[in-house]
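Listed in order, the protein sequences are those of chains V and Z.
By the working numbering, the letter at position 144 of the first sequence is numbered 149, and the numbering carries on one by one without gaps.
By the working numbering, the letter at position 20 of the second sequence is numbered 25, and the numbering carries on one by one without gaps.
Below is one structure; the comments refer to it alone.
Number of protein chains: 2
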Amino acid sequence: MGTDKYRLELIDCGLPSALEVMGDRWSFMILRAAFNGICHFEDFLDALGIARNILSNRLSRLVADGILVRQVCEDDRRKAEYRLTEKGIDLLPAVLALRQWGEKHGLGVASNSVLADRRDGLPIGPVGIQAHDGRKLTWHDLQWLDRSEIGKPGDCCD
Amino acid sequence: MGTDKYRLELIDCGLPSALEVMGDRWSFMILRAAFNGICHFEDFLDALGIARNILSNRLSRLVADGILVRQVCEDDRRKAEYRLTEKGIDLLPAVLALRQWGEKHGLGVASNSVLADRRDGLPIGPVGIQAHDGRKLTWHDLQWLDRSEIGKPGDCCD
DNA sequence: GATTTACGTTGCGAATCGCTACTTACTCAA
DNA sequence: TTGAGTAAGTAGCGATTCGCAACGTAAATC
């Protein structure tokens with residue numbers, strides 16, 4: 006790859022803060038369920054097979070982190086509704102990338118439900134890395150740069 | 006969103022098998038370090054601040070899962086080299102998506118090292134969801150479909 | 001009022017985490 | 001070739017977390 010020498014302290018990127026929230030199996034599964042429209046406690050419970058206390062813990066953590074919002078259901082005030090925030094919806098690429106990887110390489114069964122483009126009903130393509138202009142990039146097309154040495158960020162988007 | 010009714014058992018997608026491997030904080034961090042070119046035990050140790058036994062455990066698990074390969078260094082047979090396999094490299098979109106999310110929403114500092122297109126030296130764009138033809142899609146453009154009801158990828162309408 | 005439902009909490013044993021110290025194997029210099 | 005140093009991995013041990021089950025509570029339902 007593209008680095009001439011190790012940069013041992015580059016690890017302070019966005020990953021640690023992301024993993025503080027999502028760095029456990031259940032958070033991803035809960036998100037996945039939320040993207041499927043599940044929003045009630047007991048439904049998460051049934052769908053995931055998670056223990057009650059763990060689910061309770063994770064849901065409140067996800068709420069505290071602004072990924073879900075909790076509000077009591079109008080027509081049945083026993084129920085709580087956990088809904089994705091914009092911040093939570095922004096996690097969809099990560100969830101999908103992981104899921105697609107699992108389906109490509111894992112031993113798991115291919116799911117029978119597929120995300121599709123609403124416009125034409127065709128399944129989405131793989132989540133991938135793109136250049137600033139949208140070209141698809143692979144790992145071998147990439148190099149690590151220091152923030153100082155990036156080619157003029159004037160004529161590029163962001 | 007696009008589902009007429011909850012599908013409680015759709016959770017058996019690729020996610021669980023992916024999370025069996027990556028469903029913990031350190032695996033992601035190790036991968037991240039590996040993408041930065043780190044490949045020796047002690048270097049992972051220094052870069053991540055992980056405990057020795059945990060690192061040992063995770064590395065052998067990642068090797069067992071075919072994400073890394075371990076081989077003894079030629080010029081110094083004390084050292085082991087952990088290198089990404091193709092299967093491991095395929096995880097880059099997931100790692101990047103998570104990192105980008107963390108940098109957009111997290112409290113963490115923006116990293117000073119950036120992945121850039123080798124061709125023009127410009128930083129990569131955000132990892133995102135694309136339609137089969139490459140159009141960028143957001144969550145609101147999507148719907149869940151059952152595998153049976155996907156439109157054939159040949160007869161695109163619209 | 002009594003029962004059921006939805007959500008959450010508590011207790012407890014088992015597994016995991018992380019720190020430290022120890023072991024083994026190899027390299028290098030004297 | 002002997003002794004110091006380095007790389008990788010293991011073992012012990014307290015602290016945290018996990019997961020199961022039982023319990024608590026409020027709202028809906030009968």
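Cβ coordinates follow ideal geometry from the N, Cα and C atoms, glycine included.
Within the stretch 46-69 of chain V, contact with chain Z at the beta-carbon level (separation under 8 Å) is assigned to Asp48, Asp51, Ala52, Leu53. For Leu36(Z), the closest of Leu24(V), Ala85(V), Gln105(V) by C-alpha to C-alpha distance is Leu24(V).
When the five nearest sequence neighbours on each side are left out, the beta carbons in the same chain lying within less than 6 Å of the beta carbon of Ile134(Z) are those of Leu142, in order along the chain. With a 10 Å radius around the Cβ and a threshold of 16 neighbouring Cβ atoms, Asn41(Z) comes out buried. A Cβ-Cβ separation of about 6 Å places Ile59(Z) in contact with Trp31(Z) under the 8 Å criterion. Annotation: the continuous alpha helix (DSSP H) that includes Ser32(V) extends over 30-40.
Residue pairing by DSSP places Ser118(Z) opposite Asp151(V) in a beta bridge. Taking 3 residues as the minimum length, the beta strand (DSSP E) runs contained wholly in the stretch 34-92 of chain V are 73-77, 85-89, in order along the chain. CA-CA distance, Thr90(Z) to Pro98(Z), rounds to 15 Å. Within chain V, not a single residue places a beta-carbon under 9 Å from that of Cys78(Z); the smallest gap is close to 15 Å. Listed along chain V, the residues sitting closer than 9 Å to Ile155(Z) by beta-carbon distance are Val119, Ala121, Gly126, Leu127, Pro128. Interface flag for Leu73(Z) against chain V is unset, since no Cβ pair is found closer than 9 Å. Chain-order list of chain Z residues neighbouring Asp151(V): Asn117, Ser118, Val119, by C-beta distance under 9 Å. The beta carbon of Leu53(V) lies closer than 8 Å to those of Trp31, Met34, Ile35, Ala38, Leu60 in the same chain, with the five residues before and after it left out. The beta-carbon of Arg140(V) is placed less than 9 Å from the nearest beta-carbon of chain Z. For Trp144(V), no alpha helix (DSSP H) segment is defined, and its DSSP state is neither H nor E. For Pro21(V), the secondary structure class from DSSP, reduced to helix, strand or coil, is helix. Chain-ordered, the chain Z residues with CB closer than 8 Å to the CB of Asp146(V) read Asp122, Arg123, Arg124. Just so you know, the alpha carbons of Glu154(V) and Trp144(V) end up roughly 20 Å apart.
Excluding its 5 nearest sequence neighbours in each direction, Cys44(Z) has C-beta neighbours in its own chain below 8 Å: Glu86, Tyr87, Arg88, listed in chain order. Within chain V, the residues whose beta carbon sits less than 7 Å from that of Glu108(Z) are Cys18, Gly19, listed in sequence order.
Chain-order list of chain V residues neighbouring Ile94(Z): Trp144, by C-beta distance under 7 Å.
Within chain V, the residues placing a beta-carbon under 8 Å from that of Asp29(Z) are Gly28, Asp29, Arg30, ordered along the chain. By the Cβ neighbour-count rule, Gly28(Z) is buried, with 16 or more other Cβ atoms within 10 Å of its own. Using beta-carbon distances, Arg82(Z) does not count as an interface residue toward chain V, since no partner is under 9 Å.
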